[in-house]
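**Q** I have a structure I would like to understand better, so I am pasting it below and will then ask my questions one at a time.
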Amino acid sequence: MENLISSSVLTTLSDWDIVTSTLDTKFQDSVVGLSDYKTILRGDNGDLLNVCKNSYTPQTNAQFIDAVERFSSVTNFPVEAIYEVDGGKKMLGYLRCTETFEVGGFEFKDYLMLGNSHDGSTGFFVGNSNIMVRCNNRFAQQFRMLKVRHCSSLHNGVNQILSGFESYKRELSGYYKTLDEFSKVKVSDEIKRSLIARLANLSNEETLGDKEISTRKRNIMTSIDESLSSEMEDIGFNLYGLFGGVTHYTTHVLKGADESGMFGSAKILNLEGYNYCKSVARQVLSC
């Protein structure tokens, strides 16, 4: 299989690994060890990545790289990238899906995404990241059934996910089926306004007009509205276009957003928009 990992990308993880150390505290000029806890540090510069209980079982960088390469071997998806996030507290691996997807005449690039953390924010997970080719809007999600906690059975859990690759394909197929359903549901001004209120995190009082909306929130609402309107103009005045507007906002407009879309505010807003559109589609299509 062609190796698509560039040396500059891979060395961000392969040139260092984690080390664990005891956790001590100083009390009245005496050093006291906290026997139930340990620290996880970068082995190259000593940066602190996590303080955790001894029962927490981290996955080393070498083990994560090995897992990505094993997934690539099983799926025949070439490795696109492996890299660290947030100073090594998190890591991501991308495998390029060789199957093409299209919804409403628009092509998508899809990636099987593997992730892990050293800071305890997430266990080992499998998800997908898809990019609409026409605009590079990105949506990423972790698959609920394809996650493993950091415990003594971590290695066995990764092996179970690896053997259950069919679950990933079912989840991915279900996602694109949902997008196709979105394309069949027209969007009213009321639906659009309701989504903007959710994404801007308006309170009930603000939504009903009983409380003045701050200038900051009004600016956010304007930016979201512009993204929704422009994408619906290009894609269609339906839930598919509406959701495209959400991913346009989180990909191109939202400041400080995680580039992968898998963490932070981009992830939260994308899932809020996706679940809202699913709820509307379910109500309309069940009638």
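Numbering (the working numbering), first residue to last: 1 to 287.
Glycine included, C-beta positions come from ideal geometry on N, C-alpha and C.
Nothing here was measured: the structure is a model prediction, and the numbers come from that model.
(1) How do the stretch 37-51 and the stretch 70-77 stand: do at least 3 beta-carbon pairs fall below 8 Å, yes or no?
(2) Evaluate S6 with the Cβ neighbour count: other Cβ atoms within 10 Å of its Cβ, from every protein chain shown; 16 or more gives buried, anything less gives exposed.
(3) Among the candidates V246, T60, V31, whose CA atom is the shortest distance from the CA of E14?
(4) Can you name the start and end residues of the alpha helix (DSSP H) that A62 belongs to?
(5) Who are the near neighbours of E166 in its chain, counting only those whose CB is closer than 7 Å to its CB and skipping five residues on each side?
(6) Just list the beta strand (DSSP E) runs in the stretch 79-122, keeping only unbroken ones of 3 residues or longer that don't cross its boundaries, in chain order.
(7) Report yes if the CB atom of L242 is closer than 8 Å to the CB atom of K278, and no otherwise.
(8) Out of curiosity, what's the CA-to-CA distance linking K38 and S21?
(9) Which same chain residues end up closer than 7 Å to E80 when comparing Cβ atoms and leaving out the 5 residues on each side of it in sequence?
(10) Using only alpha-carbon positions, find the residue among L146, L195, S194, S183 that is nearest to E171.
(11) Quick check on R216: buried or exposed, where buried means 16 or more other Cβ atoms within 10 Å of its Cβ?
(12) I'd like to know if the stretch 193-200 and the stretch 223-238 are in contact, where contact means that at least 3 CB-CB pairs between them fall below 8 Å.
(13) So, with DSSP's three-state summary, where would you put C277?
**A** If we stick to the structure as given:
(1) no
(2) Stepping through the sequence shown from its first residue, residue 6 is reached at position 6. The predicted model places S6 with a pLDDT of 44, which falls under 50 and marks its position as unreliable, so this point remains unresolved.
(3) As a position in the sequence shown, residue 14 is number 14, starting the count at 1. Checking the sequence, you will find Ser at residue 14 rather than Glu. For the residues V246, T60, V31, the minimum Cα distance to S14 belongs to T60.
(4) Residue 62 sits at position 62 when you count from the first residue of the sequence shown. That run of the alpha helix (DSSP H) goes 61-75.
(5) Within the sequence shown, residue 166 is the residue found at index 166, counting from 1. There are no such residues.
(6) 79-85, 90-96, 101-103, 106-117
(7) In the sequence shown, residue 242 corresponds to position 242, counting from 1. In the sequence shown, residue 278 corresponds to position 278, counting from 1. By the CB criterion at 8 Å, L242 and K278 fall outside the cutoff.
(8) Here the question's residue 38 lines up with position 38 in the sequence shown. Here the question's residue 21 lines up with position 21 in the sequence shown. Rounded to whole angstroms, K38 to S21 spans 6 Å at the Cα level.
(9) Position 80 of the sequence shown, counting from 1, holds the residue named residue 80. Within the same chain, E80 has close Cβ partners L4, Y94, L95, R96, Y111.
(10) Taking the sequence shown and counting its residues from 1, one reaches residue 171 at position 171. Checking every option, the nearest Cα to that of E171 belongs to L146.
(11) Residue numbering aside, residue 216 sits at position 216 when the sequence shown is read from its first letter. Burial call: exposed.
(12) Contact between the stretch 193-200 and the stretch 223-238 is present, because at least three Cβ pairs lie under 8 Å.
(13) Here the question's residue 277 lines up with position 277 in the sequence shown. Residue state, collapsed to three classes: helix.
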